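Peer 1: Questions regarding the structure given below will be posed in turn.
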Amino acid sequence: MAVSTGSFTKAIHGDIRNLGNKAILSDATLVIKGFEHVQFLCNSFPWPIITTQLAIDVPGPLGTKMVQPGQAKTSYSGPITFQETVAGTCDQFLLDLISQGGVFDAKIYEGTPRAYLRYKVIEQAHIYMEKPPQRDWGSATLLIFSGQLNYHYYGETVDGAATYG
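So in full-length UniProt numbering, the last spot in the sequence shown is 165, and the numbers never skip.
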């Protein structure tokens, strides 16, 4: 490895700073339409992105092969967790969600609904809790509900007025 000069590393540092501040994982809020009251109990969820599906093999002569991108991927799945309250807010939310068909639309804010850089719209989402949380007398940690969030994202992003200072 070569030893870089101070001026070279300063230029690299400037290039990195010109890209802007890095996004922080915790600077986001999931707001489920009709269930806005649970937004501060959902402490982890997938951040929607748009990408292509797996590569498609294109056969060629002499056994050669090329690849090309698949169609845009719009169906996603990722882990989601909620913090339960003493009043049983998350438990009741899951019951209410099922009684209303189990499917919902939501906005995922980069920030909060009161101050955000942008939000992304997810549609036709549903939550699947893989297994019930395990209670443990020896644990003094929060009661967390863990599951999978399945949703569709079509690239809809709305800019907000907040800025990072």
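We put the CB at the ideal spot given by N, CA and C, even for glycine. Small disclaimer: the values here were computed from a predicted structure and weren't measured.
Note down, in chain order, each residue of its chain lying with its Cβ closer than 7 Å to the Cβ of T74, except the 5 sequence neighbours on either side.
Peer 2: The residue given as residue 74 occupies position 74 in the sequence shown. Answer for T74: H152, Y153 and Y154, listed in chain order.
Peer 1: Across the region 95 to 114 and the region 26 to 34, are there enough close Cβ pairs to call them in contact, namely three or more that are closer than 8 Å?
Peer 2: Short answer: they touch.
Peer 1: Looking at the unbroken alpha helix (DSSP H) that takes in Q92, where does it start and where does it end?
Peer 2: Taking the sequence shown and counting its residues from 1, the one referred to as residue 92 is at position 92. T89 to S99 is the span of the alpha helix (DSSP H), which, as asked, contains Q92.
Peer 1: Between which two residues does the beta strand (DSSP E) holding G60 run?
Peer 2: Taking the first residue of the sequence shown as 1, we reach residue 60 at position 60. G60 -> no beta strand (DSSP E), and no H or E assigned at all.
Peer 1: Roughly how many whole angstroms lie between the Cα atoms of P59 and T51?
Peer 2: Start at 1 with the first residue of the sequence shown, and residue 59 comes out as number 59. Start at 1 with the first residue of the sequence shown, and residue 51 comes out as number 51. In a straight line, the C-alpha of P59 is about 23 Å away from that of T51.
Peer 1: Just verifying my parser: in three-state terms, what is the DSSP assignment at D15?
Peer 2: As a position in the sequence shown, residue 15 is number 15, starting the count at 1. Looking at D15 - three-state DSSP - the assignment turns out to be helix.
Peer 1: In this structure, does DSSP put E123 in helix, strand or coil?
Peer 2: In the sequence shown, residue 123 corresponds to position 123, counting from 1. Of the three classes helix, strand and coil, the one that applies to E123 here is strand, per DSSP.
Peer 1: Write down the C-beta distance between T81 and F145 rounded to the nearest angstrom, noting that I regard them as a contact closer than 8 Å.
Peer 2: In the sequence shown, counting from the first residue as 1, residue 81 sits at position 81. In the sequence shown, counting from the first residue as 1, residue 145 sits at position 145. Going by Cβ atoms, the distance from T81 to F145 rounds to 7 Å, so yes, they are a contact pair.
Peer 1: Assign Y128 to buried or exposed, taking buried as 16 or more other Cβ atoms, counted over all protein chains shown, within 10 Å of its Cβ.
Peer 2: In the sequence shown, counting from the first residue as 1, residue 128 sits at position 128. Looking at its Cβ environment, which holds fewer than 16 other Cβ atoms inside 10 Å, Y128 is exposed.
Peer 1: Quick check on F40: buried or exposed, where buried means 16 or more other Cβ atoms within 10 Å of its Cβ?
Peer 2: In the sequence shown, the residue the question calls residue 40 occupies position 40. Its Cβ having fewer than 16 others within 10 Å, F40 is exposed.
Peer 1: Helix, strand or coil: which one does DSSP assign to T85?
Peer 2: In the sequence shown, counting from the first residue as 1, residue 85 sits at position 85. Three-state DSSP puts T85 in coil, outside helix and strand.
Peer 1: Can you tell me whether K33 is buried or exposed, with buried defined as 16 or more other CB within 10 angstroms of its CB?
Peer 2: In the sequence shown, the residue the question calls residue 33 occupies position 33. Exposed is the call here.
Peer 1: Check S139 in the structure and name its three-state DSSP category.
Peer 2: The sequence position of residue 139 within the sequence shown is 139, counting from 1. Note: S139 maps to coil in three-state DSSP.
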